[in-house]
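*Asks:*
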Amino acid sequence: HMVNGLFGWLQSPDSKSRINFLELLRAGKTDYYLSEAALVYMKKQQLPEKSFKLLSQLKGASTTDKEEWLKLLERLSITNPRHQRFATEGALLGSVLRHGLCDDLTIVSDDAGQFDILLHALCWVHTERLIHKMLPLNETHRQEIAQIRDQIWRFYAQLKRYKSKPDKSQQKILRHRFDEIFTQKTSYATLNQTLKRIHNNKAELLVVLDRPEIPLHTNGSETDIRDFVKKRKISGGTRSDEGRRCRDTFASLKKTCRKLDISFWHYLTDRLGIGEQTIAPLPDIITERAALATGF
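According to this note's numbering, the sequence shown is numbered sequentially starting from 72.
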């Protein structure tokens, strides 16, 4: 499920892999592209030097579909499943960027590994939940957990104020405060380990300091998907792939119309040719409002 303030898009995935996520970002395209960004990604993933050199020699090349791409890998003797995955993810990223996705796009997630591409930011609500769900062993532990949770939410409020009114002079102060909170030691060893884990994600939790336009959490996405979950609980799953596509399509249209302040019923009747057809294509409306919001 992918959302922002102007649209909501849902597709039931076949898997939760990064390859599947990148395929969804291609929005129907089928090519694999060995761009500079693709090769940089493969290098970052530590694709073996031999395989990397072979693919580097083909920089700028592309294949039309998955079958052709897999044949290319086989021809280059890249047959290890793990190495194939790194190469495929890189080529998919090359395709995604080739077809217009911004290379500085920020993806905010709950720390699921498949979303860690491009500029990745973490959801603060999910991060705090690591502390919230801890079970204290005694009263001292309970007090320490409560104290740290209070510190986290106070810091979160500071980030919200910064987000609404960015001030570069505050960046150093906020980074220092982050360190103070997540490097402190308590009497609860498990809490200390969790704080260390969060501190290791400092860069992804403080992306907002350089990109104040991004959300601090994924609540918008979770709210959008709630209707879908309710329907699934009441009606059960679909019986066919076609039914699943229909459900996903209409759920996406409904959420997008709601975000654009368009009556979903009026949108449907407009598209069916009932009455005056006055509603512009949704992509055009989204593009226009995004331009107004950003000033471009």
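Virtual Cβ for every residue (Gly too), placed ideally from N, Cα, C.
Please name the residue, chosen from Q255, K236 and D182, that lies closest to S216 on a Cα-to-Cα basis.
*Replies:* A quick correction: the sequence has Ile, not Ser, at residue 216. Nearest option by C-alpha distance: Q255.
*Asks:* If you drop the 5 nearest sequence neighbours on each side, which residues of the same chain put their C-beta closer than 8 Å to that of D332?
*Replies:* So the list is empty, once near-sequence residues are dropped.
*Asks:* Using the DSSP secondary-structure output, state which residues sit across from G79 in a beta bridge.
*Replies:* G79 pairs with V74.
*Asks:* For S88, which of helix, strand or coil comes out of DSSP?
*Replies:* Looking at S88 - three-state DSSP - the assignment turns out to be coil, as it is neither helix nor strand.
*Asks:* Considering only residues of the stretch 103-159, which uninterrupted alpha helix (DSSP H) runs meet the minimum length of 4 residues and lie entirely inside it, listed in chain order?
*Replies:* Segments of the alpha helix (DSSP H) lying fully in the stretch 103-159: 107-115, 120-127 and 137-146.
*Asks:* Three or more C-beta pairs under 8 Å: does that hold for the stretch 101-119 against the stretch 168-183?
*Replies:* Contact holds: three or more Cβ-Cβ distances are below 8 Å.
*Asks:* State the Cα-Cα distance for the pair E275 and L206, rounded to the nearest angstrom.
*Replies:* The alpha-carbon atoms of E275 and L206 are separated by roughly 26 Å.
*Asks:* Between which two residues does the beta strand (DSSP E) carrying T261 extend?
*Replies:* It is not in any beta strand (DSSP E) - T261 instead sits in the alpha helix (DSSP H) that spans A260 to N271.
*Asks:* Looking only at its chain, what residues have a beta carbon closer than 8 Å to the beta carbon of L201, apart from the 5 residues adjacent to it on each side?
*Replies:* Only T265, R268 and I269 meet the Cβ criterion.
*Asks:* Quick check on the DSSP output: the beta strand (DSSP E) that includes I178 runs from which residue to which?
*Replies:* I178 -> beta strand (DSSP E) spans T177 to S180.
*Asks:* I'd like to confirm the pairing. Which residues does DSSP put opposite A192 in its beta bridges?
*Replies:* Partner(s): V179.
*Asks:* Comparing C-alpha positions only, which one of L363, F335 and F321 sits nearest to S83?
*Replies:* The option with the nearest alpha carbon to S83 is F321.
*Asks:* The alpha helix (DSSP H) spanning L287 covers which residue range?
*Replies:* That residue, L287, is in no alpha helix (DSSP H); it is neither H nor E in DSSP.
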